[in-house]
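Each remark here refers to the structure printed beneath this line.
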Amino acid sequence: MLKKSLKKLLAIDKRVLILGALLAGVLFSFGTVKTMAYLDSPGFCQNCHTMKSVYTSFVDSTHAELQCNDCHLPHESEAGKLFFKGRAGMTHIFYNTLGTEDIPDRIYATTRTLRVINKNCAECHKSTVDNVSHDAKENCMSCHQTVPHGSDFKDDSYDQPPKSGELIKNKGGF
Amino acid sequence: SNSSDGASEKTASAKEAKGTTGLSKDEISNEAFKELFPLQYNSYQKNEKMEDTKYNGSVKRSKYDPDKEPLLPVLFNGYGFALEYNEDRGHIYALEDIRDVKRINDKSVGSCYTCKSTAVPQMIEEMGDDYWGANFRQEIWPKGEAMGHSPIGCSDCHDPETMDLRVTRPSFYKGLEAQGIDTSNPTKNDMRSYVCGQCHVEYHFAADNSEVTFPWDNGFKPEEMYEYYNTIAKENGFEKDWVHNISAAPMLKSQHPEYETHASGTHGKANVSCADCHMPYERVDGKRKITSHYWTSPLKTMDTSCGQCHGDRDLDKLKDRVLEIQDANVGALHEAQDISTTAHYYINKMITSGVSQDKIKQAQEFVRKGQWFWDIVAAENSSGFHNPQGSMDSLRESVVQSNNAILLATEELVKKGVSIEELNSEIEKVKTAVQAEAVNEKKKDHAVNSYFPAQQPVVPAVKK
Amino acid sequence: SNSSDGASEKTASAKEAKGTTGLSKDEISNEAFKELFPLQYNSYQKNEKMEDTKYNGSVKRSKYDPDKEPLLPVLFNGYGFALEYNEDRGHIYALEDIRDVKRINDKSVGSCYTCKSTAVPQMIEEMGDDYWGANFRQEIWPKGEAMGHSPIGCSDCHDPETMDLRVTRPSFYKGLEAQGIDTSNPTKNDMRSYVCGQCHVEYHFAADNSEVTFPWDNGFKPEEMYEYYNTIAKENGFEKDWVHNISAAPMLKSQHPEYETHASGTHGKANVSCADCHMPYERVDGKRKITSHYWTSPLKTMDTSCGQCHGDRDLDKLKDRVLEIQDANVGALHEAQDISTTAHYYINKMITSGVSQDKIKQAQEFVRKGQWFWDIVAAENSSGFHNPQGSMDSLRESVVQSNNAILLATEELVKKGVSIEELNSEIEKVKTAVQAEAVNEKKKDHAVNSYFPAQQPVVPAVKK
Ligand SMILES: [Ca+2]
Ligand SMILES: [Ca+2]
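Here the protein sequences line up with chains B, D and C, keeping their order.
Going by our numbering, the first sequence opens with residue 6, and the numbers climb by one from there.
Going by our numbering, the second sequence opens with residue -15, and the numbers climb by one from there.
Going by our numbering, the third sequence opens with residue -15, and the numbers climb by one from there.
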């Protein structure tokens, strides 16, 4: 149910989405446990076409069992999480509605995101980090380059013969 | 994994529902694709832009320019490449540039047209092997114009009905197969390089019918292709591209071996394809993503070209690294060209001093080889980036071989009482004269004089 | 995120609570660390293992072996490196190997001890600048033994009280500072290379007091260090490491420039540190993780050494790529050494044929330079991997310079009526004789004979 309505929300007219943006805060703060769970999940994030490669590389990674937001949101407190999510959500909705011209070709994790992620890695992998000084580089991903999106932008389909007609289907927009 | 809808709204309309474009399978005009694929078509139009990078880019400048390779009019003396040779630019200019270039003359053959026009596949189909040797100006060009050719266009890489990637130049699969590579089932990743490998490769014209032929039987490395030219090609009657006007050596001209160099290099060995860097995904028209069809220096689009894979690196520093690789390469290239120049003149002096034919022949083989090993790097358009170590290795081998020629010559010349000091100073004089000449096509004339007389009285048919 | 306990069981005990080990700040014995850091200590013990890779590894084999660098007894003729020169092996053998090597003689100085023993920092503290020039066998070695030295041990890289990484050899920061690098606040990533850069670097002994000195004022590249040796070092009185016994040229010996080569190479430029590859995190003792202290070829530990960063690549193919880079490097090295050998003998012939001193000197400068450019690659222990393009560039420059010597010699020799054919065949003979000799330390004796007489009657003090 919710899935469908969200998908619709994302597909409809931009002006409606501004409304959506305003609603977003409400949605987040009143969300039931279930809503929150959904909003943390790969299913939700990958709704967005811009996420294709991060999603596909994620699903066959060692971390496929996790929720996106196990990494992408701070976990110290529920309040912090909601705040961060709210801000990121607003940014997201801005870009996908009014700001489409400004969406960068290559999406990078922001410094803020990287800080958050790094903390989450260290938290889950506390035992590893504790028993060996494991912070030689700026962040975990300087070494763990393929965790969890990094198996470059080309998924397995590139290693197979192309499917006839697929270029017409993908002629613009993915 | 439930994002199947929504997609249809983004793709255009009914035509594609069937998985075909509705275009004729023989469509060769770019404009026919415009309406169906406006995003890619517009992207293609960007190929008109002209903008240089430190060593490459797309301004039509002469390769003889002081900051490029000023000794080329000496090194290609007696051949079309000493007449006019330019930096390459966008695909969109391919027809214009071949029509105008002074390397094309009344004897030029159809083969020259092979990598410039969308009309080629069909012509080959119609004419069979007669296509290759047919006269360029008399027959091929007018025919192409009449067919409505486009410069390197959609149909060169795409099947107009399905838009599937395809290889349209038969020489490519022939070349791969000669090396034992199975071409029956290429992957999507392969195709993203194969479509480029049809044209961005070293080639020669077969002796019997002028067919465009790739020298790949032994492998893609400079030494492997050289071996091919000295064995298989010779057996098939192909000995040389031209006779050098200074050393009288039977020479090879190498040409744009991007595919071969890339395949043996850092990225090729890591399975990166040409399209990954030269056709990055880009966002156009709001939020749609397409494959860029603006083929140019990726240094202009590092964010999309390199950032996908090197997102962890500061792109400015990555660019510095590229320039560092290129600086080393170009510095070494200039040194190799200088030594090669000396070798040609030493042999000229052997000839005019009456050294034995036997010794001259040995020296000529060395100078031919020395030139091959730098030319395969100079003709490659990435200034060493596609294979930093391999290109440097080739430049190293080049100086070894050129020096063999110089050494042999020195021994014989001194025996004949020739002053090496005088010889060296005469070489400096011609080099200065060539570089001082402002008109590009006249530069070559200063490379020979009464001290270094021309060795090639009959100008052979320009084939490349 | 609830795995916080358990951790405390893994870290050792009460001592660390205070953040200190309880060891004396002057502790230099590895064994003192054993109880506190058993995992690292055990890992260190692995350095005893001996196992070869294609081009490197840790079996103590002579570098003169046919598959290594068989011409070295010619190329280092007249110097200790023509007496004995071996593949390096584990840190644990450092003291044993320097004690036994025939390059050490009664005149050897303390400086030789600098990178082999944990006693060094304290000795320098006690003796000041007298340390460097003190007699190795008479003074330094007995003193070190008495102090209870370990071969390259914990205290060389760690502060025994805090276990913080530290640089204990003063030459390193002096060298960086001479290049203008700020050493006041190194990052953790820097330190993971700095601790290695204390020893794995090119050096020479200062003319005045034999102090270990790094030639880095102009930069880390071979040409920048050569420039240093031909200017700054000369001004300070250092001209050469030895006089070559065949060409009588004043030569430089280069030594293990891993740090410099890495810093200018692929990984160094990408901020990868020595420890990332040579000391990867590893799981030991159930599931505890430590930094590996087994310094060896990372080709033996690719999973941990390379896998984290190159997780997207098939590690077998990545290894093939390494070998490909090394094959190209070693092939080119052999060619450069061969040409360098020829150059030495041509100059020997110049001397015995009475060519003018002036020309001989010019040729000697060329042969010195040519040898520097291959030796800086040969002495580097990665067979080209640490910087594929840069090492190949150096080998290229080497043949350019060696050939300059040969050319100059050829001209003069032919003028003197010398038969180049005979000369070349005599060179082949000595090369064969050197390689045919089975006893390593006798090989050098076959490099000179009545045709090529020794040029260095007085054997100078072996300094390296
Ligand atoms: Ca260009
Ligand atoms: Ca070793």
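We put the beta carbon where it would ideally sit given N, CA and C, even for glycine.
Given the structure is predicted, the values throughout are model-derived calculations rather than measurements.
4 or more residues per run - each alpha helix (DSSP H) lying fully within the segment 162 to 216 of chain C:
List check, alpha helix (DSSP H) in window: 172 to 181 and 206 to 214.
Can you confirm whether residue 140 (chain D), when its beta carbon is compared against all beta carbons of chain B, has any partner nearer than 9 angstroms?
Here residue 140 (chain D) corresponds to residue number 156 of the second sequence, with the count starting at 1. At a cut-off of 9 angstroms between beta carbons, residue 140 (chain D) makes no contact with chain B.
Taking residue 247 (chain D) as the reference, which of D:180, D:224 and D:187 has the closest Cα?
Taking the second sequence and counting its residues from 1, the one referred to as residue 247 (chain D) is at position 263. Here the closest residue by C-alpha is D:180.
Sheet register partners of residue 266 (chain C) (DSSP bridge)
Counting from one through the third sequence, the residue named residue 266 (chain C) turns up at place 282. Listed as beta-bridge partners of residue 266 (chain C) by DSSP are C:274.
Relative to chain B, which residues along the segment 121 to 149 of chain D have a C-beta separation below 9 angstroms, given in chain order?
Residues passing the 9 angstroms Cβ filter: 142, 143, 146, 147, 148 and 149.
Please confirm whether any heavy atom of ligand 2 lies closer than 8 angstroms to the CB of residue 49 (chain C).
As a position in the third sequence, residue 49 (chain C) is number 65, starting the count at 1. Every heavy atom of ligand 2 is 8 angstroms or more from the Cβ of residue 49 (chain C), so no.
Whose C-beta lies closer than 7 angstroms to the C-beta of residue 37 (chain B) among residues of the same chain, with five residues either side of it excluded?
The count along the first sequence starts at 1 and reaches residue 37 (chain B) at position 32. Low per-residue confidence applies at residue 37 (chain B): pLDDT is 48, beneath 50, and the placement is therefore not dependable enough to give any value.
Provide the residue(s) that pair with residue 41 (chain C) in DSSP beta bridges, ordered along the chain.
Here the question's residue 41 (chain C) lines up with position 57 in the third sequence. Bridge partners of residue 41 (chain C): C:36.
So, does the CB of residue 141 (chain B) fall closer than 9 angstroms to a CB anywhere in chain C?
The residue you call residue 141 (chain B) lines up with position 136 of the first sequence. For residue 141 (chain B), the nearest CB of chain C lies under 9 angstroms from its own CB, placing it at the interface with that chain.
Cβ of residue 274 (chain D) within 9 angstroms of any chain B Cβ
Taking the second sequence and counting its residues from 1, one reaches residue 274 (chain D) at position 290. Chain B places a beta carbon closer than 9 angstroms to that of residue 274 (chain D), counting this residue as a contact.
For the pair the segment 208 to 226 of chain C and the segment 115 to 122 of chain C, tell me if three or more CB-CB distances fall below 8 angstroms.
In this structure the segment 208 to 226 of chain C does not touch the segment 115 to 122 of chain C; the number of beta carbon pairs closer than 8 angstroms is below three.
From C:173, C:241 and C:12, residue whose alpha carbon lies closest to that of residue 186 (chain C)
For this step, residue 186 (chain C) is matched to residue 202 along the third sequence. If we check each option's Cα against that of residue 186 (chain C), C:241 comes out closest.
Have a look at residue 24 (chain C) and residue 275 (chain C) and give me their C-alpha separation to the nearest angstrom.
Here residue 24 (chain C) refers to the residue found at position 40 when the third sequence is read from its first residue. Here residue 275 (chain C) refers to the residue found at position 291 when the third sequence is read from its first residue. Taking the straight line joining both Cα atoms gives about 7 angstroms.
Just tell me which of B:173, B:143, B:60 and B:158 has its CA closest to the CA of residue 119 (chain B).
On the first sequence, residue 119 (chain B) is found 114 positions in, with the first residue counted as 1. Closest in alpha carbon position to residue 119 (chain B), among B:173, B:143, B:60 and B:158, is B:143.
For residue 226 (chain D), does the three-state DSSP call read helix, strand or coil?
Position 242 of the second sequence, counted from the start, is the residue given in the question as residue 226 (chain D). In the three-state reduction of the DSSP assignment, residue 226 (chain D) falls in the strand class.
Residue 72 (chain C) versus C:58, C:60 and C:52, residue with shortest Cα-Cα distance:
Here residue 72 (chain C) corresponds to residue number 88 of the third sequence, with the count starting at 1. Nearest C-alpha to residue 72 (chain C): C:52.
Between the segment 287 to 305 of chain D and chain C, which residues of the former have a C-beta closer than 7 angstroms to a C-beta of the latter?
So the list reads 297 and 305, given in the order they occur along the chain.
Less than 8 angstroms between the CB of residue 73 (chain D) and some heavy atom of ligand 1, yes or no?
On the second sequence, position 89 is the one that residue 73 (chain D) refers to. Result yes, Cβ under 8 angstroms from ligand 1.
Tell me which residues share the same chain as residue 55 (chain D) and place their Cβ nearer than 6 angstroms to its Cβ, disregarding the 5 neighbours each side in the sequence.
The residue labelled residue 55 (chain D) in the question sits at position 71 within the second sequence. Spatial neighbours of residue 55 (chain D) in its own chain (CB-CB distance under 6 angstroms, excluding positions within 5 residues in sequence) are listed in chain order as 321 and 325.
Report buried or exposed for residue 47 (chain D), applying the criterion of at least 16 other Cβ atoms within 10 angstroms of its Cβ.
Numbered from its first residue, the second sequence carries residue 47 (chain D) at position 63. Label assigned to residue 47 (chain D): buried.
Any non-hydrogen atom of ligand 1 closer than 8 angstroms to residue 40 (chain D) Cβ:
For the purposes of this step, residue 40 (chain D) is taken as the residue at position 56 of the second sequence. True, at least one ligand heavy atom lies under 8 angstroms from that Cβ.
Bridge partners - residue 93 (chain C), DSSP secondary structure assignment:
For the purposes of this step, residue 93 (chain C) is identified with residue 109 of the third sequence, where counting begins at 1. Beta-bridge pairing by DSSP links residue 93 (chain C) to C:119.
Return no unless some Cβ of chain C is closer than 9 angstroms to the Cβ of residue 144 (chain B).
On the first sequence, residue 144 (chain B) is found 139 positions in, with the first residue counted as 1. No, residue 144 (chain B) does not count as interfacial toward chain C.
Residues in its own chain within less than 7 angstroms of residue 222 (chain C) by CB, not counting five upstream and five downstream?
If you number the third sequence from 1, residue 222 (chain C) lands on position 238. The residues 188, 190 and 191, in chain order, have a CB closer than 7 angstroms to that of residue 222 (chain C) in the same chain once the five nearest residues on each side in sequence are set aside.
Mind checking which residues open and close the alpha helix (DSSP H) that includes residue 161 (chain B)?
Residue 161 (chain B) sits at position 156 when you count from the first residue of the first sequence. That residue, residue 161 (chain B), is in no alpha helix (DSSP H); it is neither H nor E in DSSP.
Have a look at D:382, D:229, D:81 and D:359 and flag the residue whose alpha-carbon is nearest the alpha-carbon of residue 433 (chain D).
As a first step, residue 433 (chain D) must be located in the second sequence, where it is residue number 449. Nearest in C-alpha terms to residue 433 (chain D), of all of D:382, D:229, D:81 and D:359, is D:229.
Return the chain-ordered list of same chain residues with a C-beta closer than 7 angstroms to the C-beta of residue 287 (chain C), the five sequence neighbours on each side being excluded.
Here residue 287 (chain C) corresponds to residue number 303 of the third sequence, with the count starting at 1. Hits under 7 angstroms: 299.
Could you tell me which residues DSSP pairs with residue 235 (chain C) in its beta bridges?
Position 251 of the third sequence holds residue 235 (chain C). C:226.
Hey, could you find the ends of the alpha helix (DSSP H) residue 127 (chain D) is sitting in?
Sequence index remark: in the second sequence, residue 127 (chain D) carries index 143 (1-based). 125 to 131 is the extent of the alpha helix (DSSP H) around residue 127 (chain D).
Can you pull the chain B neighbours of residue 21 (chain D), defined as C-beta to C-beta under 7 angstroms?
Counted from its first residue, the second sequence places residue 21 (chain D) at position 37. Under the 7 angstroms cutoff, chain B gives 176.
How is residue 281 (chain D) classed by DSSP in three states: helix, strand or coil?
For the purposes of this step, residue 281 (chain D) is taken as residue 297 along the second sequence, with counting starting at 1. Residue 281 (chain D): coil per DSSP, three-state reduction.
Applying the criterion that 16 or more other CB atoms from any shown protein chain within 10 Å of the CB defines a buried residue, is residue 256 (chain C) buried or exposed?
Residue mapping note: residue 256 (chain C) aligns to position 272 of the third sequence, counting from 1. It is buried - the Cβ of residue 256 (chain C) has at least 16 other Cβ atoms within 10 Å.
Closer than 9 angstroms, Cβ to Cβ, to anything on chain C: give me those residues from the segment 51 to 85 of chain D, in chain order.
Taking 9 angstroms as the Cβ-Cβ cut-off, the segment 51 to 85 of chain D has no residue approaching chain C.
Could you tell me the alpha carbon to alpha carbon distance between residue 137 (chain B) and residue 66 (chain B), rounded to whole angstroms?
Numbered from 1 along the first sequence, position 132 holds the residue referred to as residue 137 (chain B). Numbered from 1 along the first sequence, position 61 holds the residue referred to as residue 66 (chain B). If I take the Cα positions, the gap works out to 24 angstroms.
Tell me which same chain residues have a C-beta within less than 8 angstroms of the C-beta of residue 31 (chain B), skipping the five on either side of it?
Here the question's residue 31 (chain B) lines up with position 26 in the first sequence. Only weak support exists for where residue 31 (chain B) lies, its pLDDT of 42 falling under 50; the coordinates are left without a value.
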